[in-house]
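> Please find one structure pasted underneath; my questions will follow.
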Amino acid sequence: MNLRHVALVAFVMVVVFPTLLLLKPHLRSIHQGGQGEDIVLLPEPRLTGGMSVEEAIAKRRSIRSYRDEHITLDQLSQLLWAAQGITDWRRKYRSAPSAGPTYPFEVYVVVGKVEGLSPGIYGYDPFRHVLIELKKGDFRGELQRASLNQEWVGDAPVDIVLVAFYERTTRVYGERGIRYVHMEAGHIGENIYLEATSLGLGTVAVGAFDDERVVEILGTSGSPLYIFPVGVPNG
Ligand SMILES: Cc1cc2nc3c(=O)[nH]c(=O)nc-3n(C[C@H](O)[C@H](O)[C@H](O)COP(=O)(O)O)c2cc1C
Numbered sequence: 000m001n002l003r004h005v006a007l008v009a010f011v012m013v014v015v016f017p018t019l020l021l022l023k024p025h026l027r028s029i030h031q032g033g034q035g036e037d038i039v040l041l042p043e044p045r046l047t048g049g050m051s052v053e054e055a056i057a058k059r060r061s062i063r064s065y066r067d068e069h070i071t072l073d074q075l076s077q078l079l080w081a082a083q084g085i086t087d088w089r090r091k092y093r094s095a096p097s098a099g100p101t102y103p104f105e106v107y108v109v110v111g112k113v114e115g116l117s118p119g120i121y122g123y124d125p126f127r128h129v130l131i132e133l134k135k136g137d138f139r140g141e142l143q144r145a146s147l148n149q150e151w152v153g154d155a156p157v158d159i160v161l162v163a164f165y166e167r168t169t170r171v172y173g174e175r176g177i178r179y180v181h182m183e184a185g186h187i188g189e190n191i192y193l194e195a196t197s198l199g200l201g202t203v204a205v206g207a208f209d210d211e212r213v214v215e216i217l218g219t220s221g222s223p224l225y226i227f228p229v230g231v232p233n234g
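Each residue of the sequence shown is one higher than the one before, starting from 0 at the first, in numbering that gives the first Met the number 0.
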């Protein structure tokens with residue numbers, strides 16, 4: 000093999016192959032790759048220690064009352080990693096199981112009080128483990144009103160919203176993909192519950208809201224299925 004061949008092989012390995020991987024639609028985040036985007040690097044997630052799974056399952060409860068306190072960026076990072084973080088970098092597999100795996104979910108974060116983050120709406124990019132700022136301002140009140148005025152949505156320092164892009168899964172599985180997406184929301188949601196419990200935080204799965212209003216608030220083209228307000232439990 001001469002030098003030209005070596006250079007060509009290196010180019011394909013280092014530039015072409017990773018680019019094709021990124022462009023594979025089911026692997027690519029809708030938030031990824033925009034120019035001039037404002038990103039916030041998240042702290043590395045902790046992969047050991049913490050509460051045992053058994054203890055977290057035993058202690059998990061839906062919590063609807065939170066202290067008027069910030070949560071930390073470390074805690075938010077850990078919650079997002081538990082929701083959709085990459086756990087197998089070679090295959091780009093994530094923390095929650097997915098049929099296919101087609102990964103139909105994007106995670107949006109409505110921030111009010113998180114240390115080191117301005118209030119706003121952010122998208123989680125699991126590949127870079129970063130937040131991408133989508134809108135500035137505190138939208139928790141609007142989200143509460145869109146959620147049949149459930150106070151915990153507005154009171155929590157942060158709301159994590161699971162948004163489904165059905166076509167990623169129905170493209171592969173047809174109509175049956177719809178049920179797979181709903182099953183996956185449950186997997187991700189339970190991860191958020193258990194991680195929150197392990198961190199000493201509280202959350203509740205909120206499924207009752209006006210879909211169209213939540214779509215407008217987030218500015219998304221997907222379908223919001225779940226809102227998880229998270230905060231330090233009161234009492
Ligand atoms: C699909 C689904 C939708 C839910 N929607 C809401 C909701 O809109 N608001 C709320 O306060 N709790 C909601 N919950 C939480 C349940 O009320 C809660 O899980 C139930 O009372 C059992 O309590 P536990 O989670 O502490 O075991 C929902 C739970 C599920 C699974």
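From the three backbone atoms N, C-alpha and C, an ideal C-beta is built for every residue, glycine too.
Verify whether the separation of the beta carbon atoms of Pro-232 and Gly-201 is less than 8 Å.
yes
> Of the choices Val-106, Val-213, Val-110 and Val-180, whose alpha-carbon is the least far from that of Pro-96?
Val-180
> Ligand 1 and Gly-234: does any heavy atom of the ligand fall closer than 7 Å to the residue's C-beta?
no
> What are the start and end residues of the beta strand (DSSP E) that includes Ser-134?
The question names Ser, but residue 134 in the sequence shown is Lys. From DSSP, the beta strand (DSSP E) with Lys-134 extends over 129 to 135.
> Would you report the Cα separation of Leu-20 and Arg-66, rounded to the nearest angstrom?
Here Leu-20 scores only 42 on pLDDT, less than 50, and its place in the model should not be relied on; the value that follows carries that caveat. Roughly 43 Å between the two C-alpha positions.
> Please classify Val-52 as buried or exposed, where buried requires at least 16 other C-beta atoms within 10 Å of its C-beta.
exposed
> Return yes when the Cβ of Val-106 is within less than 8 Å of the Cβ of Leu-161, no when it is not.
yes
> Ligand 1 and Gln-149: does the residue's C-beta get closer than 7 Å to at least one heavy atom of that ligand?
yes
> If I measure Cβ to Cβ from Lys-134 and keep anything under 6 Å in the same chain, skipping five residues before and after, which residues do I get?
Gly-119 and Ile-120
> Are there three or more Cβ pairs, one per stretch, closer than 8 Å when the stretch 198 to 217 is compared with the stretch 136 to 156?
yes
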